[in-house]
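Below is one structure, written out as structure tokens; comments come after it.
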Amino acid sequence: MSNRFLRRLTLGLATLAGLLAAQAADAVTAPVLVVEVDSGKVLYAQGATDPWYPASITKLMTTYVALDLVRQGKVSLDSLITISAAAAAEPPSKMGFKPGTQLTLDNALKIIMVKSANDVAWAIGETLGGTIDGFADMMNETARRIGMRESRWYNPNGLPDPRQWTSARDMAVLGRALLRDFPDSHDLFSISAIQFGRSVMANHNGLLGRYAGVDGMKTGFICAGGFNVVASANRNGRRILTIVMGSPSARERDLKAADLFDYGFGQSAGWTAQTLDALPASAIGAPPDMRPYICDRKKPMPIDEGPGAIAGNADNAGAQFLGAAGLSSPALTLATLNGAAARNRTLPPRAPLQPILVWIGRDPAEGQIMLNEQAEAEKAAAAATREAKLEAAKAKREAALEAAKQKRAAAAEAKTQAKAQGKDQGKAKAAIAGAVPRAASAYTSVDVSGMPEAKHKPPTHAKPATAVTQKGGKPAVAKSVQTKPKAGAKPKPNAAKSAESADE
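When we follow my numbering, the leftmost residue of the sequence shown carries the number -2, and every step to the right adds one.
This is the structure in structure tokens:
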């Protein structure tokens, strides 16, 4: 084997090793966690304490703070939440309420659990905390009190904020606290749909009504964090929480959670099982940004609501970076840990929705009155807008007609001026032509009146010659008589020549 070949082989192996190392460094382990609710024992964990962007599962924290205030007697479920201009400006998912709209805290919590409305969650934070920062302080204080370690809260709805982190472990702690501390509010997390007016909005949680025993809790999605879910299921009195984070699609998230439930219900938590409190801290200093893998600009934006979220395409090239570590038990199907294997799998059809009525105002009657007033106001605003558009169109037409009229008048004036100018030019030409007669000499007479007197005497004209009659009666031609000048005398000019000189 030649040295040249060995060098090439060594270089190739080094390059391959570098590529594999880079791929391993860039790979992201999607956090998953399965925990028994009553005991807090961990049935399976993968990256459970790694920091992660929570997205709308933040609303579980918002709900805990609100219910805790109700428990303390500081507010009630009938307290009114006001939609501010800032809340109304929050991006979707949202209800689209007008600024100034009020609704009860009870209805507001139902809306954020089902519709995941960012405007309503923001209004809850502003109303209960005085400001968003004040409510965030309440969230962080409550999180520390109930045992959450990795979470940092800055807003109540989970919209992107690079400072807002949580972990699968912390969300399991929160889920257990909600179920434990507010037993009368369990139904809040299992509503399949809400109805507002004529609109029916299904829960974003694609496991509800599709996986036996699932009764809550909340989903979330942002590009930086992927598709997350905190889900609870109950079989034969045994309740399990499953947390899945960073899935590339809602479909894969739901399939993975279903497989984790299958695994969890097939396991028993022995006395040696690890607890949530015993999970080791993560070595990762900050959440990974999943945007390049989740929100590929070459494909449609992923969604976390409506039918598309349930039947959406799971073919995402970024899925190979997720779920890098496989589950150790053969009892758990590993198909949902990569996008290629999940394509041909699906959950059963969703059970019929059972919408819960929600309204604005203190009660449905007041809410209907408010809706009617808003409808009338919108109708009046639409009519005013149409009238304004018609007036603007009319003014535009009139301005165009006036401009055309002025243009025509200007053209006529220009034409008149051009014609008058042509006549003036004709008259000028005629005047110039009349000022010089056709028979006039090319030379002009010279005015000598102002010239100095000549030093010589004025010319004398010769006397006319006397006619001499020739013989035969014919007149003879008179001849001028030229006389020689006397010596010393000046010659007399010829009369004819003097006359010609006067005309020059």
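Even glycine gets a Cβ: it sits at the ideal position worked out from N, Cα and C.
Item: Relative to the alpha-carbon of S53, which residue among K424, R207 and M214 has its alpha-carbon at the smallest distance?; Value: M214
Item: Alpha carbon to alpha carbon, how far is A322 from A120?; Value: Interpretation of A322 is limited by its pLDDT of 36, a score under 50 that renders its predicted location unreliable; the figure taken from the coordinates is listed afterwards. Those two C-alpha atoms are separated by around 40 angstroms.
Item: Would you check if the stretch 257 to 268 and the stretch 232 to 239 touch, i.e. whether three or more CB-CB distances between them fall below 8 angstroms?; Value: yes
Item: Would you decide whether T382 is buried or exposed? Buried here means 16 or more other CB atoms lie within 10 Å of its CB.; Value: exposed
Item: Given 8 angstroms as the limit, is there contact between the stretch 161 to 179 and the stretch 31 to 38, that is, 3 or more CB pairs closer than that?; Value: yes
Item: For the alpha helix (DSSP H) that L276 lies in, which residues bound it at each end?; Value: Segment: none, L276 is in no alpha helix (DSSP H) and carries neither H nor E.
Item: Quick one: using the 10 Å Cβ neighbour count with 16 as the cut-off for buried, is P88 buried or exposed?; Value: exposed
Item: Which of the three DSSP states, helix, strand or coil, is assigned to K91?; Value: coil
Item: Compare the C-beta of L175 against all C-beta atoms of chain C and say whether one is closer than 9 angstroms.; Value: Looking at the structure shown, chain C is missing, and only one protein chain is on hand.
Item: For a quick check, are the C-beta atoms of T60 and T79 less than 9 angstroms apart?; Value: no
Item: Pull up the distance between the alpha-carbon of D360 and that of G222, whole angstroms please.; Value: 38 angstroms
Item: Would you please state the rounded distance, in angstroms, between the beta carbons of S196 and D212? I believe it to be under 8 angstroms.; Value: No, S196 and D212 are not in contact; Cβ-Cβ is about 24 angstroms, not under 8 angstroms.
Item: In whole angstroms, what is the alpha-carbon distance linking P28 and P245?; Value: 13 angstroms
Item: If E147 and T163 are in contact, beta carbons under 8 angstroms, what's the gap, nearest whole angstrom?; Value: 6 angstroms
Item: Closest to W150 by C-alpha separation, out of G144, M135 and I143, would be which residue?; Value: M135
Item: Going by DSSP, what residues sit across from M214 in a beta bridge?; Value: A228
Item: Under a three-way DSSP split, which group does V62 fall into?; Value: helix
Item: In angstroms, rounded to a whole number, what distance separates the CA positions of G364 and T101?; Value: 11 angstroms
Item: What first and last residue would you give for the beta strand (DSSP E) that runs through R235?; Value: R235 to S244
Item: Residues in the same chain with beta-carbon distance under 6 angstroms from S113, minus the five sequence neighbours each way, listed in chain order, please.; Value: S53, S90 and H201
Item: Determine the closest residue to D181 out of V67, N154 and A380, with distance taken between C-alpha atoms.; Value: V67
Item: Rounded to a whole number of angstroms, what is the C-alpha to C-alpha distance between L252 and G206?; Value: 14 angstroms
Item: What residues in its chain sit with their C-beta under 6 angstroms from that of G210, if we drop five residues either side in the sequence?; Value: A230, N231 and R232
Item: So who's on the other strand from K38, going by DSSP bridges?; Value: T272
Item: In this structure, does DSSP put R248 in helix, strand or coil?; Value: helix
Item: How would you label A406, buried or exposed, when you count the other beta carbons within 10 angstroms and need 16 or more for buried?; Value: exposed
Item: Use the C-beta contact count for A397: other C-beta atoms within 10 angstroms, 16 or more gives buried, fewer gives exposed.; Value: exposed
Item: Could you check how far apart the C-beta atoms of Q271 and V39 are, in whole angstroms? I think they sit under 8 angstroms.; Value: 5 angstroms
Item: By how many angstroms is the C-alpha of S189 removed from the C-alpha of A348?; Value: 9 angstroms
Item: Quick test of your reading: P277 and T124, contact by CB under 8 angstroms. State the CB separation rounded to the nearest angstrom.; Value: About 39 angstroms; that fails the 8 angstroms criterion.
Item: Leaving out five residues on either side along the sequence, give the residues of the same chain with a beta carbon under 6 angstroms from the beta carbon of F193.; Value: V355
Item: Just to confirm my understanding: we take A105, look at its own chain, exclude 5 residues before and 5 after, and list those with CB closer than 6 angstroms. What are they?; Value: I78, V117 and I121
Item: Quick one: is E375 buried, meaning 16 or more other Cβ sit within 10 Å of its Cβ, or exposed?; Value: exposed
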